[in-house]
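To keep things clear, I will list the structure first and then write my remarks on it.
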Amino acid sequence: MSTDADDPARRWTGGSTTDDDPPASGAPSSPRARFWRRFRRQRPGLAAAVFLLALTGIAVLAPLLAPLDPDEQNLRDVLAGPGASGHLLGTDQFGRDVLSRLLVAGRISLLAAVQATGVAVLLGVPLGLVGAYLGGRFDRWVVRISDAFMSFPPLILAVAIVAARGPGLGNAMFAVGLVTAPRLLRLVRSAVLSVREETYIEAARSIGTPSGHIIRRHVLPNVLSPLLVQLSLVAAFAMLAEATLSFLGLGVVAPQASWGSMLQEGARFLSLAPHLVVLPGIAIAAAVLALNVLGDGLRDSLGREIRSGQ
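According to my numbering, the sequence shown is numbered sequentially starting from 167.
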């Protein structure tokens, strides 16, 4: 009599045969191939990834796709509604084409999210890796400093940093990256602590492998899965934070425009031209929602890989 334990296909999926089964040829599939099979079945996550890729492409090509100069003023067509005077999405208080400004502003908003996420990764990931792996006094100081940063509300701390350094997109995104870095640090540190005592790590240490090589070749790959999921959430928070700081006048500086600064400018004319607030608001909401849905899809696709230890 055969049991589930004797059936290789059932051992692979924990007792049920699904699309995660190995290829029919019997050759083991790579972790990357398993991930793509699982992610393709995550329809919302896949749709979010396609949407974000399309949004990135539009942002890159924004100067070519914009029907008009986004900074060109036409005071005869001030606050025109969508479709009026040949403007598909209307005009703002200076008669500038809203569609053109939305396209160009999206480029700034996406770039801001990338900048803040990059700062968070550069500050949080190396400190979390090295501190958790080496332990001792260095790790204790890293944890204390991250706890001090996390004790403040993120946006309040970002506002304080921008106020000290001065307004501007670069300063704003540095502040957002700085306040989100401790969260990446704690995530990476937790993952490293669970990996540090594995047998293969001890074996590498016992044969005199340098710590830097162990961290780079053995520890970091095991941290990447939860880190990738968290990065999508950090990017979503960074986009919201940029919109908030720009709305408060601490982000981009005119004539530069982001979706957040468009909200700030349009809020004064909400009763006369609601499209000036609704359109950038929809753009921000769609991008943030897509990043969160992508994070959920990555978590579900990578989670089984992590839990099964494959």
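Don't be surprised by glycine CBs; every beta carbon is placed ideally from N, CA and C.
Just mark residue i as buried or exposed, buried being the case when its beta carbon has 16 or more other beta carbons within 10 Å.
i: A456; result: buried
i: L230; result: exposed
i: I381; result: buried
i: L353; result: buried
i: G211; result: buried
i: P376; result: exposed
i: S391; result: buried
i: R200; result: buried
i: S317; result: exposed
i: L218; result: buried
i: F340; result: buried
i: S398; result: buried
i: R349; result: buried
i: S372; result: exposed
i: G290; result: buried
i: G378; result: exposed
i: V226; result: exposed
i: G332; result: exposed
i: D305; result: buried
i: S360; result: exposed
i: R204; result: buried
i: L416; result: buried
i: S474; result: The predicted model places S474 with a pLDDT of 40, which falls under 50 and marks its position as unreliable; any figure quoted below should be read in that light. By the neighbour-count rule (16 or more Cβ atoms within 10 Å), S474 is not buried but exposed.
i: P446; result: buried
i: V325; result: buried
i: A250; result: exposed
i: L436; result: exposed
i: G432; result: buried
i: G192; result: Unreliable positioning characterises G192 in this predicted model, as indicated by a pLDDT of 49, which lies under 50. A coordinate reading is not provided.
i: G256; result: buried
i: D263; result: buried
i: A439; result: buried
i: A330; result: exposed
Spell out the partners DSSP gives residue i in its beta bridges.
i: V257; result: Per the sequence shown, residue 257 should be read as Thr rather than Val. T257 is bridged to D263.
Can you tell me which of the options puts its alpha carbon nearest to the alpha carbon of residue i?
i: S275; options: L464, V419, P440; result: V419
i: G463; options: R310, A214, S196; result: A214
i: Q239; options: P248, G249, G261; result: G261
i: D235; options: S360, S251, R267, I327; result: R267
i: L269; options: P376, G249, I450; result: I450
i: A228; options: G336, W307, R273; result: R273
i: L394; options: L468, H253, A199; result: L468
i: V140; options: G284, P292, G256; result: Only positions 167 to 476 of the chain appear in this structure, which leaves residue 140 out of reach.
i: L460; options: V400, V444, R310; result: V400
i: V285; options: L397, L344, L265, Q259; result: L344
i: L241; options: P248, L414, D258; result: D258
i: L288; options: L321, A347, G256, S356; result: A347
i: A232; options: H253, P248, V244; result: H253
i: W307; options: L351, A329, P319; result: L351
i: I224; options: A271, N337, A329, A330; result: A271
i: H441; options: D243, G247, Q208; result: G247
i: L335; options: V309, V358, F413, S312; result: F413
i: V358; options: G249, G294, Q396; result: G294
i: A452; options: V216, R198, A370; result: V216
i: Q422; options: R198, L438, D237; result: D237
i: D466; options: R355, Q396, I327, L411; result: Q396
Using a C-beta cutoff of 8 Å, does residue i count as contacting chain B?
i: L460; result: Structure shown: chain B not included; a single protein chain is present.
Exercise for review: Decide if the stretch 357-375 is in contact with the stretch 421-436; the criterion is three or more beta carbon pairs, one per stretch, under 8 Å apart.
Suggested key: In short, these stretches do not touch, since the Cβ pair count stays below three.
Review point. At which residue ranges does the stretch 217-251 contain complete alpha helix (DSSP H) runs of 4 or more residues, listed in the order of the chain?
Key: The stretch 217-251 contains these whole alpha helix (DSSP H) runs: 228-231.
Practice item. Could I get the ranges of all uninterrupted alpha helix (DSSP H) runs contained in the stretch 386-416, with 4 residues as the minimum, in chain order? Key: Segments of the alpha helix (DSSP H) lying fully in the stretch 386-416: 386-413.
Practice item. Inspect the CB distances between the stretch 295-307 and the stretch 383-390 and report whether three or more fall short of 8 Å. Key: In short, these stretches touch, since the Cβ pair count reaches three.
Review point. Would you call the stretch 394-405 and the stretch 265-285 touching, i.e. three or more CB-CB distances under 8 Å?
Key: Yes, the stretch 394-405 is in contact with the stretch 265-285.
Practice item. Kindly provide the ranges of any alpha helix (DSSP H) runs that are 4 or more residues long and lie completely inside the stretch 281-345, ordered along the chain. Key: Runs of the alpha helix (DSSP H) inside the stretch 281-345: 302-316, 320-331.
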